[in-house]
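So the protein sequences, as listed, match chains D and B.
Heads up: the first sequence begins at 594 in this note's numbering, then just goes up one per residue.
Heads up: the second sequence begins at 561 in this note's numbering, then just goes up one per residue.
Reviewing the structure listed below.
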Amino acid sequence: KAGVTQTPRYLIKTRGQQVTLSCSPISGHRSVSWYQQTPGQGLQFLFEYFSETQRNKGNFPGRFSGRQFSNSRSEMNVSTLELGDSALYLCASSPQEETQYFGPGTRLLVL
Amino acid sequence: GIQVEQSPPDLILQEGANSTLRCNFSDSVNNLQWFHQNPWGQLINLFYIPSGTKQNGRLSATTVATERYSLLYISSSQTTDSGVYFCAVVGDSWGKLQFGAGTQVVVTP
C-alpha cells in the first residue's frame, strides 16, 4: 500500500495570507490527524477527523481549520498567517483506534 | 491532558554501544507509540506498544502500563540510528497523540 502523502512539501507565504495543506491517507484508513511541529513547542495535536467528522481538536486558534472528504482525504487551512505559524505540519492516518502512520510533512515558512 | 516526559533529552553514543530511552506518562493510556524522526522530518513508526514487550531487530521496547512508563532499547547502535526518538500516547481521546519532547541521539563512528 502507498503511504500517507502530503502536498505541497514546501511552502513560503507572507503574513496575512492563507494556506491550504492536503493529506491523502493510506487506503482504507478512515482517521486522519494533523500535528504542528516547531522547535519551541515540539509536536502538538491540531485536530482529528474520522468519517468526515471532527472528533478531537487541540488548543489552536480558530484560524486553524480542517475538513475531511468522503474518500478520507483531508485538508487543513490556516487563515491570516502569522510568523509563528512557520512549522512542519504532519498528517497521520489510522485504520481505527490504533497505530498512526505519518506522512512526510509540509514545511511552511511565513515571511 | 496527559503529561509525557522523556529522558535523557540528549544521548551521545559510540557505534556498537547499547542504550535505553525512557518515557514516563502521567495517566493511563490506550495507545503508546515510539517513533524515530529522520533528518527530513518524517516520523517513522518503531513500535505500537500500549503494554508488554516487543522486539524488532536491534530495537526492543517494553511498556509497564501499571507503572506508567515505557523503555526503548537500542542495541549495537549504528550511525543510522542517529535522530530524535519520540514517545507518544493516547488517553481517552482516540486519534490524539500526546508527544514527549523527544530524545536526541547521536551515534558517532
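In this text, a Cβ means the ideal position worked out from N, Cα and C, and glycines have one as well.
Inset, instruction - Helix, strand or coil for B:Ala625, going by three-state DSSP, please let me know. - result: helix
Inset, instruction - State the start and end residues of the unbroken beta strand (DSSP E) segment that holds D:Glu691. - result: That residue, D:Glu691, is in no beta strand (DSSP E); it is neither H nor E in DSSP.
Inset, instruction - Indicate whether at least one CB of chain D lies closer than 8 Å to the CB of B:Asn591. - result: yes
Inset, instruction - Identify every residue that forms a DSSP beta bridge with B:Gln664. - result: B:Asp570 and B:Val644
Inset, instruction - Determine the burial state of B:Ile609: buried for a count of at least 16 other Cβ atoms within 10 Å of its Cβ, exposed for fewer. - result: buried
Legend entry - Other residues of its chain near D:Pro601: CB distance less than 7 Å, five sequence neighbours each side excluded: Thr699
Inset, instruction - Output, in chain order, the set of chain B residues within a Cβ distance shorter than 9 Å of D:Gly698. - result: Trp600, Gly601, Gln602 and Leu603
Legend entry - Residue interval of the beta strand (DSSP E) (run including D:Ile605): Tyr603 to Lys606
Inset, instruction - Whole angstroms is fine: what's the gap from B:Gly601's alpha carbon to D:Leu604's? - result: 15 Å
Inset, instruction - Check each candidate in B:Arg582, B:Leu657, B:Pro569 and B:Phe585 and name the one with the smallest Cα separation from B:Leu665. - result: Checking the sequence shown, residue 665 of chain B turns out to be Val, not Leu. For B:Val665, the nearest C-alpha among the options comes from B:Pro569.
Inset, instruction - Run down chain B in chain order and give the residues with a C-beta less than 9 Å from the C-beta of D:Gly681. - result: Rather than Gly, the amino acid found at residue 681 of chain D in this sequence is Leu. Within 9 Å Cβ-Cβ: Gly601.
Legend entry - For D:Ala680 and D:Lys606, the rounded distance between their alpha carbons: 12 Å
Inset, instruction - Please confirm whether D:Val671 and D:Gln611 have their CB atoms less than 8 Å apart. - result: yes
Inset, instruction - Just the C-alpha distance for B:Ala677 and D:Pro688, rounded to the nearest angstrom, thanks. - result: Nothing can be reported for residue 677 of chain B: it is not among the residues displayed for chain B, which extend from 561 to 669.
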